[in-house]
Amino acid sequence: MDLLSGLPKVILHDIFARLPDKDAAKTIALSKAWRDTWSSFPYLSVSSNDFLATHYSGCSRNSWFHKMDILIDYVTKRLLRLHDQGLTIKEFKLNLRDLIEPTYVSHHVNQWIQMASESGIEVIELYLSVGYIWRKYHVDNSYDLPLCVFENKSLTKLILAFGIRFNHELFSNHSMKFSSLKMLCLVQVLFTEERVIENLLSHCPLIEDFTMAYCYVYNHLSTEDSVEGSMNNGHWVKSLFLHGLKNLKKVDVRGVHQLHIDSPNLENLCYESLVLDAPIQLNFSSCTNFTCFHLLSLKDTTIADKWILELFSKLPFLESLELCHCFLSKRINIISDQLKVLKLCHCSNLNEVNIDAPNLKSLDYHGYDKPVISFMRSSNQLQVSVSTHVDYRYFYSLRDFIRNIPEKISASLSVFVIRPIRDNSYLIPALQFFSNIPPSIKHLELKEHSYPNNKAAYGSLMNWLLSSCFPETFSFRYFDSYAFIEFFHEMLMGNKRGECYCSSYNRKCWWHALKIAKFSCSFMAADEDADFKAMLDASPNSHEEKTITFSFSLEL
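Counting from 1, one number per residue, gives the positions in the sequence shown under the UniProt record's numbering.
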């Protein structure tokens, strides 16, 4: 017997747990010892993707049922083997898609969950694409969660997503026993009553991590009288109250209009609102131990500069702040000695950001607009990452945007150039000379579809980009076309050097400062002796995005 096969089963099970389920299952072909180890593996993760090669639209109805029968037989045998041996089933993860006949599998899912619950299950994850509530599916297509889940004492983690229904009448007269549950995640789940959620959480004394996203409340009495049984008589969950959960540390709530939290030990809050006419109601005044706060999709409520300043005074331990798709004041001030991570993503109306955060280590900015970002105090370890769009007619705005970044700060810039709609060429104006020196940045990335259609405009584009900043590395993202990348490589090799502007500066221009250029790519191992043309020829023909990176050595 080889040394690996002789390891204790608990160690081999840990190895299996780190592998994809299909790869771990292949070990049964190695030896009887490996086969016995696999048969006692207490983790079962099954996805219909592994059994259905294509979506239902790509196979016949009979083929779909045949493949589902194979899946059902596989899961049943695995669970029965563990259940009959009296072994603990630690994790059961089930991901099903394209369920054209929900009733065809719902009975089996009930049996699987029952067996898992009787075997001391600790983790249940169900992703069922039945009754998918983003579309007008019938409520009757939803899957009713069995009572045994709510009576489970051993569960520590429960994730339920897509078309799973909580019928309050099913368990209202039974005592729930989520005495060990620490993580609860509900995504697009259906409720018969809104108070079901609070009822659930009141029976989770150890809950630490709670997620609820876009859940729906429907009037089950009205739908029983409806011919189609549609969910037109319901609404999104409007309000959520989280009270008395002393162990709660992380909350992620999306699609709720009113959120009230009274959990003194809460550390991490992510809140996303639906687009509503009325202002949101977000109350977490008793939670002062926040370290992370993410606020998403607040477009109907202006987040004023005063609110942000008060936020830092109320949350003295706040280390990470993310504002994404929010409507902000034209000017905001970030003043904090504790803040380490700041992310501003597609926030509209913003013209100016003043940052006074000496311990800030990461600033991410994503957006079409390019506000003036100023740093009052900053850390030498601060890394700035910017992803923005640049109109080909206004390249000077890119330079104006990054000129306020101090040279001591490590900055990376990802650019998407908006090409003209009617004209196939870049009508880039003549290169301008600037009195101030462009900043040196760590990395410049040009995104796919930013390249001109007209090859005659290649040089103009590169001159404009490289007159805006001095990058240490330059990456190109692309799918199939790499003519522009070949052009840039020829520029580096000295065959098509860009326009010189040394006379306008008190130091060398980018082209004359360039000494060494190396290149690497995302689809093959780095090789210093690799030929550039051969590397491009080795690029896979798939439509997956690929990256080529040039590294430079500059003597400025």
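We put the CB at the ideal spot given by N, CA and C, even for glycine.
Asked                                                                                                                                                                                       : Found
May I ask which residues mark the beginning and end of the alpha helix (DSSP H) holding ASP310?                                                                                             : According to the sequence provided, residue 310 is Glu. The question's Asp does not apply to it. Run containing GLU310: 305-314, per the alpha helix (DSSP H) assignment.
I'd like to confirm the pairing. Which residues does DSSP put opposite TRP236 in its beta bridges?                                                                                          : TYR216
Which residues does DSSP list as the beta-bridge partners of PRO471?                                                                                                                        : ILE441
Can you have a look at residue 579 and say buried or exposed, based on whether 16 or more other CB atoms are within 10 angstroms of its CB?                                                 : Only positions 1 to 556 of the chain appear in the structure, and residue 579 is not among them; the question remains open.
Can you check which of these residues, HIS294, ASN247 and GLU310, is closest to ASN268 by C-alpha distance?                                                                                 : HIS294
On the DSSP bridge assignment, give the partners of LYS533 in chain order.                                                                                                                  : For LYS533, which the question treats as bridged, DSSP gives no partner whatsoever.
How big is the Cα-Cα spacing for PRO264 and PHE241?                                                                                                                                         : 14 Å
Would a C-beta distance cut-off of 8 Å place ILE113 and LEU155 closer than the cut-off?                                                                                                     : no
Looking only at its chain, what residues have a beta carbon closer than 6 Å to the beta carbon of LYS238, apart from the 5 residues adjacent to it on each side?                            : HIS257
Identify, in the order they occur along the chain, each residue of the same chain with its Cβ nearer than 6 Å to the Cβ of ASN541, setting aside the five sequence neighbours on each side. : none
Is LYS177 near GLU151, with beta carbons less than 8 Å apart?                                                                                                                               : yes
What residue does the beta strand (DSSP E) around ARG254 start on, and which one ends it?                                                                                                   : 250-254
Exposed or buried, what is ASN463 when buried is set at 16 or more other beta-carbons lying within 10 Å of its beta-carbon?                                                                 : buried
In angstroms with no decimal places, state the Cα-to-Cα distance between TYR365 and PRO406.                                                                                                 : 16 Å
Does the beta-carbon distance from ARG165 to LEU184 come in below 8 Å?                                                                                                                      : no
Would you decide whether TRP134 is buried or exposed? Buried here means 16 or more other CB atoms lie within 10 Å of its CB.                                                                : Confidence is the limiting factor: at TRP134 the pLDDT is only 40, short of 50, which leaves the residue's position unreliable, though a coordinate-based value still follows. Result: exposed.
Look up THR291 in the DSSP assignment and say whether it is helix, strand or coil.                                                                                                          : coil
Round the Cβ separation of HIS489 and PHE552 to the nearest angstrom and send it over; I've been treating them as touching at under 8 Å.                                                    : Between PHE552 and HIS489 the Cβ distance is about 13 Å, and since that is not below 8 Å, they are no contact.
Nearest by alpha-carbon distance to ASN289: which of GLU322, PRO316 and LEU514 is it?                                                                                                       : PRO316
Where does VAL10 land, buried or exposed, given buried means 16+ other C-beta within 10 angstroms?                                                                                          : exposed
With HIS389 as the anchor, note down where its beta strand (DSSP E) starts and where it stops.                                                                                              : 383-391
So what's HIS108 in DSSP terms, helix, strand or just coil?                                                                                                                                 : helix
Could you name the residues that DSSP lists as bridge partners for SER520?                                                                                                                  : THR549
Am I right that LEU328 and LEU342 are in contact with their C-beta atoms under 8 Å? What's the rounded C-beta distance?                                                                     : The pair is not a contact, with the Cβ atoms about 13 Å apart (cut-off 8 Å).
Measuring only the C-alpha atoms, how far is SER39 from LEU80?                                                                                                                              : 10 Å
Which residues in the same chain as TYR216 place their Cβ atom closer than 8 Å to its Cβ, once the five residues preceding and following it in sequence are excluded?                       : ILE133, GLN188, VAL189, LEU190, PHE191, MET231, GLY234, HIS235, TRP236 and VAL237
Considering only their Cβ atoms, is the gap separating ASP391 from ILE418 smaller than 8 Å?                                                                                                 : yes
Enumerate in chain order the residues of its own chain whose CB-to-CB distance from LEU298 is below 6 Å, with the five nearest sequence positions on each side excluded.                    : SER273 and CYS326
Does the distance from the CB of THR291 to the CB of SER320 come in under 8 Å?                                                                                                              : yes
Report the option in PRO452, TYR218 and MET493 whose CA atom is closest to the CA atom of SER142.                                                                                           : TYR218
Which whole-angstrom value describes the C-beta separation of HIS443 and GLU472, a residue pair presumed to lie in contact below a C-beta threshold of 8 Å?                                 : 7 Å
What span of residues does the alpha helix (DSSP H) with CYS185 cover, start to end?                                                                                                        : That residue, CYS185, is in no alpha helix (DSSP H); its beta strand (DSSP E) goes 183-187.
Do you know offhand how far PRO146's Cα is from PHE16's?                                                                                                                                    : 29 Å
Could you compute how far the alpha carbon of SER202 sits from the alpha carbon of LEU186?                                                                                                  : 16 Å
One question on the structure: do THR76 and HIS107 come within less than 8 Å of each other, judged by their Cβ atoms?                                                                       : no
Answer yes or no: do ASN349 and SER374 have a C-beta to C-beta separation smaller than 8 Å?                                                                                                 : no
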